[in-house]
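Colleague:
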Amino acid sequence: MQESNSDIKAMTPFKEHDEMTHPMKQFGIGTRLTQMGRNPDDQCGFVNGPIYRGSTVLYKSVEDLENRNARFHYGTHGTPTIENLESAWTELTGAAGTVLSPSGLGAVALALMTTLKSGDHLLMPDSVYRPTRSFCANFLAKFGVEVSYYDPMSAESIQKLFKSNTTTLFLELPGSQTFEIQDIPKLSSHAKHFGIKTIIDNTWATPLFFQAHSHGCDLSVEAGTKYLGGHSDLLLGLVSANQETWPMLRQMYDSIAMLPGPEDCFLALRGLRTMQLRVKESEQRGLEVAHWLQEQPEVMTVLHPAFSSCPGHEIWKRDFKGSTGLFSIILKPQFTKPALAAMLDQLSLFGMGFSWGGFESLLIPFDCQNYRTATTWSPGGLALRLQIGLEDMTDIKNDLREGFDRLVKVQSNLG
Ligand SMILES: *Cc1c(COP(=O)(O)O)cnc(C)c1O
């Protein structure tokens, strides 16, 4: 135990990287994204860092071995490739430190394992990403963690749900598929008052559009699979921590040693360089298609944080720097599932599949009615979630318009 503790201390973030990142603090975020997590002087002058693969690290003497006197100790504790990504993310999120995970869900699990122990009580928003809900049911329950779900829009009354054993308040915004925007400053300050840790899943906004730590969150999770990767070819998760929570997070990470492979870290670092460009483009395209959809006679409601029809829209305006290209719509009540199948099965551009944040347009039907427990999901029509990709805008709209035409035609034939 003592030995691993001293390892952790030796790995406090921003030791060597301080020199590298500090002089850039005066630059804007776009500039910093081009600079962070790389150091050509250490890379034989090459712009990008190499991919380090490795388990064993050699020490020069018994004394060095016994004191772990080396820049890196062992592959599971970090490599230059991993550290480049960790330090870049730490800078981007304004955190005290970051650790990585082989998937976004793995990062969620790591964050929860950091703050919870047997006998604790966890509060989960009812709108949470569904696999996170499964992790609570299949893993946390087995280890004696009590989980309750709460209405994501109930920031005012959240204290009423705090119990003497509540140690963690989980936050996610916008709500998975349904796009509720939670009042993070209010929720996190209530939690802080009672010594409860907050974990946020900030995947949708990315740190570019929402700075979780400066809004009071202790741990922030990002599925790097989405906008950081940006090309539907990467699975990766990141957890960043504020100063107070960082030692706990690093210790849990070192205890389980579940880390992504070096090629995946490299892809994430590559994605980082263009993330702002892609996320901003995604915002513009998302807004254009969402506005267009609002005008289509088949659409009843647009659930997009930038629209007043979205629960928590005012909070989004107050706290966020932007929106991204993922949102949902509710169709008018007359449409039924067989007609919807005719619309979706013959789309020529939009793919049907999970995940998002890549270059291609995606669309899935969804229904949360059967598994929400603290709130009721009854939007009054069939629901679709869209991710707007980089195809030409005319082609995107034509694909959807032709789909709506099939929807209407098949519905009227069904009578
Ligand atoms: C996709 C996603 C995850 C999980 O990421 P994976 O890398 O697919 O495991 C977690 N949270 C949110 C909000 C997501 O969208």
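Residue numbers (my numbering): 611 to 1025.
The beta-carbon is built from N, C-alpha and C at its ideal position, and this holds for glycine as well.
#1: Can you tell me whether G963 sits near ligand 1, meaning its C-beta is under 7 Å from at least one heavy atom of the ligand?
#2: Which runs of the alpha helix (DSSP H), 4 residues or longer, sit entirely within the stretch 702-752?
#3: Could you spell out where the alpha helix (DSSP H) holding M1003 opens and where it closes?
#4: Pop quiz: D811 and Y739 are said to be a contact at Cβ under 8 Å. What is the actual Cβ separation, rounded to whole angstroms?
#5: Should P921 be labelled buried (16 or more other beta-carbon atoms within 10 Å of its own) or exposed?
#6: Determine the contact status of S938 and L1017, defining contact as a CB-CB distance below 8 Å.
#7: By the DSSP assignment, the alpha helix (DSSP H) with G891 in it spans what residues?
#8: Within the same chain, show all residues whose beta-carbon is closer than 6 Å to that of Q853, passing over the 5 residues directly before and after it, in chain order.
#9: Any idea what DSSP makes of K807, helix, strand or coil?
#10: By the 10 Å Cβ neighbour count, where 16 or more other Cβ atoms means buried, how is I974 classified, buried or exposed?
#11: Measure the alpha-carbon distance for T778 versus G826 and round it to whole angstroms.
#12: With a threshold of 16 other CB atoms inside 10 Å of the CB of L578, please say whether the residue is buried or exposed.
#13: Can you determine whether any heavy atom of ligand 1 sits closer than 7 Å to the C-beta of L715, and answer yes or no?
#14: Given the structure, does T835 come close to ligand 1, in the sense that its CB is under 7 Å from one of the ligand's heavy atoms?
#15: Just the C-alpha distance for T724 and L877, rounded to the nearest angstrom, thanks.
#16: Terminal residues of the continuous alpha helix (DSSP H) containing P949?
#17: Looking at the structure shown, is Q997 part of a helix, part of a strand, or coil, going by DSSP?
#18: If you measure between the beta carbons of I998 and S918, is that distance less than 8 Å?
#19: Using the C-alpha atoms, what's the distance from G1025 back to P872?
Modeller: So, from the data block:
#1: No.
#2: Within the stretch 702-752, the complete alpha helix (DSSP H) runs of at least 4 residues are 714-725, 740-745.
#3: From DSSP, the alpha helix (DSSP H) with M1003 extends over 1003-1024.
#4: The Cβ separation is near 6 Å, so the contact holds.
#5: When all chains shown are included, P921 counts as buried.
#6: Not closer than 8 Å, so no.
#7: Correcting the residue identity first, residue 891 is Glu in this sequence and not Gly. Its alpha helix (DSSP H) spans residues 872-905.
#8: Closer than 6 Å at Cβ, skipping near neighbours: A706.
#9: DSSP places K807 in strand when its eight states are reduced to three.
#10: The residue is buried, with at least 16 neighbouring Cβ atoms inside 10 Å.
#11: Linking T778 to G826 through their CA atoms gives a straight-line distance of about 14 Å.
#12: Nothing in the structure corresponds to residue 578, since the chain is present only between 611 and 1025.
#13: Under cutoff, so the answer is yes.
#14: Checking the Cβ of T835 against ligand 1 gives yes.
#15: Linking T724 to L877 through their CA atoms gives a straight-line distance of about 27 Å.
#16: What sits at residue 949 in the sequence shown is Ala, not Pro. For A949, the uninterrupted alpha helix (DSSP H) run begins and ends at 947-955, by DSSP.
#17: Q997 falls in the strand class under three-state DSSP.
#18: No, the Cβ-Cβ distance between I998 and S918 is not below 8 Å.
#19: Near 57 Å, if we compare the C-alpha coordinates of G1025 and P872.
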